[in-house]
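Q: In order, the protein sequences belong to chains A and B. For the first sequence, the residue numbers in the numbering used here are 3 to 305. For the second sequence, the residue numbers in the numbering used here are 176 to 397. Beta carbons are placed, not taken as given, at the ideal position from N, Cα and C, and that holds for glycine.
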Amino acid sequence: MRKIYSKLMENLLSGKFVYTAEIEAGKTTNLEEIVEKGRMLKNYVTAINVTDNPGACAHMNPLIPSYVIQRDVGVESVYQITCRDRNRLAIISDLLAAAALGIRNVLVITGDHVIFGDNPEAKPVFDLDSATLVYLIRKMVDEGVDLAGNKIEGEVKFHVGIAANPNAVPLELEILKIARKVRLGIDFIQTQCVFDIDVAKEFLREVRKFNIPVLIGICPVRSIGMMKWYIKECPGGIKIPADMQERLIAARKQKGKKAVLEKSIEISAELIKELRKTTNAAGVHIMAIGFEHVIPKIIEHSS
Amino acid sequence: MIVLKQKPLDWILEAARNYDNILIVGCNGCSGIYQVGGEKQVKNLKMVLEMAFKIRFGKNINVETCTLLRQCDRDLVASSLRPLVKRIKENGAIISLACGAGVQTVSNVFPKVVVIPGCDTLFVGMRTKELGEFNELCRACGECILFETGGICPVTRCAKGLLNGPCGGMREGKCEVDPTRDCAWALIYERLKAQGRLDLFLKFRPPRDHRVSASPRVWRGE
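(1) Have a look at residue 283/B and residue 334/B and give me their C-alpha separation to the nearest angstrom.
(2) When the Cα atoms are used, what is the spatial distance from residue 194/B to residue 237/B?
(3) Note down, in chain order, every chain A residue with its Cβ under 8 angstroms from the Cβ of residue 245/B.
(4) Mind reading off the beta-carbon distance from residue 226/A to residue 254/A? Whole number of angstroms is fine, and I expect it under 8 angstroms.
(5) Using a C-beta to C-beta distance shorter than 7 angstroms, which residues of chain A count as neighbours of residue 334/B?
(6) By the three-class DSSP mapping on this structure, what secondary structure does residue 293/A have?
(7) What does residue 228/B reach in chain A if we use C-beta pairs closer than 7 angstroms?
(8) Buried or exposed: which applies to residue 360/B, given that a residue is buried once 16 or more other Cβ atoms fall within 10 Å of its Cβ?
(9) Inspect the CB distances between the stretch 232-248 of chain B and the stretch 289-303 of chain B and report whether three or more fall short of 8 angstroms.
(10) Is residue 189/A helix, strand or coil when you go by DSSP?
(11) Do you know whose CA, among 87/A, 259/A, 289/A, 296/A, lies nearest residue 268/A's CA?
(12) Between the C-alpha atoms of residue 350/B and residue 356/B, what's the straight-line distance to the nearest angstrom?
(13) Residues in its own chain within less than 6 angstroms of residue 367/B by CB, not counting five upstream and five downstream?
(14) Strictly below 8 angstroms CB to CB, what residues from chain A border residue 371/B?
(15) What residues of chain A sit near residue 329/B, judged by a beta carbon separation below 7 angstroms?
(16) Could you work out which residues of chain A lie near residue 364/B, taking near to mean beta carbons separated by less than 7 angstroms?
(17) For the ligand COA, I want to know if residue 275/B counts as a neighbour, meaning its beta carbon is within less than 6 angstroms of at least one of the ligand's heavy atoms.
(18) Just confirm the distance between the C-beta atoms of residue 259/B and residue 241/B, as a whole number of angstroms; I'd bet it's less than 8 angstroms.
(19) Have a look at residue 88/A and residue 129/A and give me their C-alpha separation to the nearest angstrom.
(20) When you compare the CB positions of residue 318/B and residue 217/B, do they come within less than 7 angstroms of one another, or not?
(21) Along the chain, which unbroken stretches of the alpha helix (DSSP H) at least 4 residues long are found entirely within the stretch 207-281 of chain B?
(22) Figure out for me which residue from 346/B, 358/B, 352/B, 353/B has the closest Cα to the Cα of residue 327/B.
(23) Whole angstroms is fine: what's the gap from residue 237/A's alpha carbon to residue 346/B's?
(24) Please return the same chain residues whose Cβ sits closer than 8 angstroms to the Cβ of residue 239/B, not counting the five positions on each side in sequence.
(25) Using 8 angstroms as the cut-off, can you tell me whether the stretch 7-25 of chain A makes contact with the stretch 100-113 of chain A, which would need three or more C-beta pairs spanning the two stretches below that distance?
(26) Taking C-beta pairs closer than 9 angstroms, name the residues in chain B that residue 129/A reaches, listed in chain order.
(27) CB-CB under 6 angstroms to residue 169/A, same chain, minus the five flanking residues each way: which ones, in chain order?
(28) So with CB distances below 9 angstroms, who are the chain A contacts of residue 361/B?
(29) Would you report the Cα separation of residue 274/A and residue 222/A, rounded to the nearest angstrom?
(30) Report the CB separation of residue 311/B from residue 331/B in whole angstroms; it is logged as a contact under 8 angstroms.
(31) With 9 angstroms as the limit, tell me which residues of the stretch 309-326 of chain B have their beta carbon closer than that to any beta carbon of chain A; keep them in chain order.
(32) At a CB distance below 9 angstroms, what residues from the stretch 151-167 of chain A approach chain B? Give them in sequence order.
(33) Applying a beta-carbon distance threshold of less than 7 angstroms, which residues of chain B neighbour residue 182/A?
(34) Assuming residue 270/A contacts residue 191/A (C-beta within less than 8 angstroms), just tell me the rounded distance between them.
(35) Would you mind sorting residue 385/B into buried or exposed? The rule is 16 or more other CB atoms within 10 Å of its CB.
(36) Cα separation between residue 148/A and residue 98/A?
This is the structure in structure tokens:
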């Protein structure tokens with residue numbers, strides 16, 4: 003049994019249904035906005051993820067907001083780190099800084115390819131991938147050394163999470179990928195958006211054997227365009243059941259644009275209720291980038 | 176094979192315009208096989224150059240030709256080209272229709288002669304479709320893992336070069352970067368599954384030692 007370093011890990015292991023949410027650091031120099039979002043979410047979630055150059059767009063380094071949220075808001079952060087933009091030297095140095103600043107949860111991601119981003123001419127790095135990054139973090143935490151075995155002064159206390167896509171086809175391949183990382187030693191899983199309860203159930207059934215807490219990704223949509231983007235273009239692919247699509251489209255037709263988001267809040271809350279009732283999900287991870295104000299509403303409606 | 180393509184004729188003409196004696200050197204290796212710089216292409220280029228110089232620059236030039244078995248063979252280049260290089264001594268240049276290795280072999284053997292590359296070297300690969308589509312297959316990374324990946328190279332064929340793929344962008348077996356392209360790791364999964372070797376898919380591959388493939392590489396034999 004590994005030591006527990008964070009509130010998130012404590013809650014995940016306690017059997018409580020855990021809520022986490024996600025915010026973007028943004029292409030900004032304004033930390034106040036991030037702190038405000040953190041304050042708004044504080045009483046609703048156990049931890050807040052801060053994304054690392056999401057969609058390959060150059061944002062503020064997430065380490066800074068991750069730290070500030072913990073210091074000024076008093077809620078734990080999940081520091082996300084991708085392999086796309088930094089080689090192992092840069093990642094090790096960022097992780098050392100994160101450990102020094104009291105970050106206790108890290109989510110590792112390979113990262114969308116640079117061609118999707120706002121500087122598509124960039125050189126993609128991928129010196130590490132999400133599996134080798136888990137391997138690095140385990141070395142740092144368990145052995146107090148970096149990848150090459152160089153000794154680190156002081157303790158490194160991280161819980162390491164991975165992303166997974168329950169919508170993946172073929173799912174068997176996704177499960178094998180997770181198995182590879184479970185063997186390396188992961189602490190939790192936060193998934194890509196799930197709209198279809200059956201997709202969540204099948205995924206949870208498949209990963210049950212790993213005995214790793216899973217936070218199912220919940221993504222409210224605020225427009226029909228966004229819904230279509232998830233279905234057609236989102237990397238990895240997302241399934242949205244036909245009847246759910248119809249409910250959103252009907253809301254748009256009957257009550258206008260704003261009704262889509264209202265309907266989506268309702269649908270998200272229903273999904274969460276169903277997950278709480280009928281699955282062994284450890285909780286949910288709510289992603290509502292740019293409209294985080296809906297997160298408290300979803301959580302209120304779901305509990 | 177090394178996959179290459181001929182440079183635009185205008186580019187070659189511009190590079191060669193100030194010379195009066197030109198030796199076109201073809202290569203029957205990769206370049207010849209892919210019909211970019213073999214015997215036939217050398218002959219064609221000679222004809223086109225003579226004509227274009229006359230029409231465009233109003234001058235007659237002397238064009239010699241030679242196609243080697245392999246242009247990356249130093250001894251072959253030295254013995255075959257020496258007499259021809261003498262013939263283009265007066266304000267002469269060589270146009271090489273080989274890959275970058277061929278161009279540099281010629282240039283190393285005859286350091287005083289200007290060598291114009293007539294081709295752009297693209298990658299190590301093969302023709303995968305009849306209609307002249309070529310695919311990159313090998314990055315010459317120096318640490319072959321093809322035995323473990325069902326004969327499909329993820330270092331080359333995964334857009335992110337992942338050793339522990341696929342990434343989260345794989346969508347129904349296709350690559351997030353180009354949905355018309357197969358995800359290399361989905362192919363590896365399918366092939367290992369067909370071979371009954373899925374245990375190898377589960378295998379964790381630690382980070383690469385990039386010293387193995389740091390340029391410029393030298394191999395001194397063993």
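A: Let me lay it out:
(1) 35 angstroms
(2) 9 angstroms
(3) In chain order: nothing, as chain A lies at least about 33 angstroms away.
(4) 5 angstroms
(5) 115
(6) coil
(7) Ordered by position in chain A, no residue passes the 7 angstroms Cβ test against residue 228/B, which lies about 38 angstroms from the chain.
(8) buried
(9) no
(10) coil
(11) 296/A
(12) 6 angstroms
(13) 325, 373, 375, 376
(14) Chain A residues near residue 371/B: none, gap ~14 angstroms exceeds 8 angstroms.
(15) Chain A residues near residue 329/B: none, gap ~10 angstroms exceeds 7 angstroms.
(16) 175
(17) Although the ligand COA was asked about, the structure shown includes no ligands whatsoever.
(18) 6 angstroms
(19) 7 angstroms
(20) no
(21) 214-227, 249-262
(22) 358/B
(23) 7 angstroms
(24) 196, 197, 198, 199, 259, 262, 263
(25) yes
(26) 382, 383, 385
(27) 201, 239, 240, 241
(28) 172, 175
(29) 12 angstroms
(30) 6 angstroms
(31) none
(32) 165, 166, 167
(33) 339, 377, 379
(34) With 8 angstroms as the limit, residue 270/A and residue 191/A do not qualify as a contact, their Cβ atoms being about 19 angstroms apart.
(35) exposed
(36) 10 angstroms
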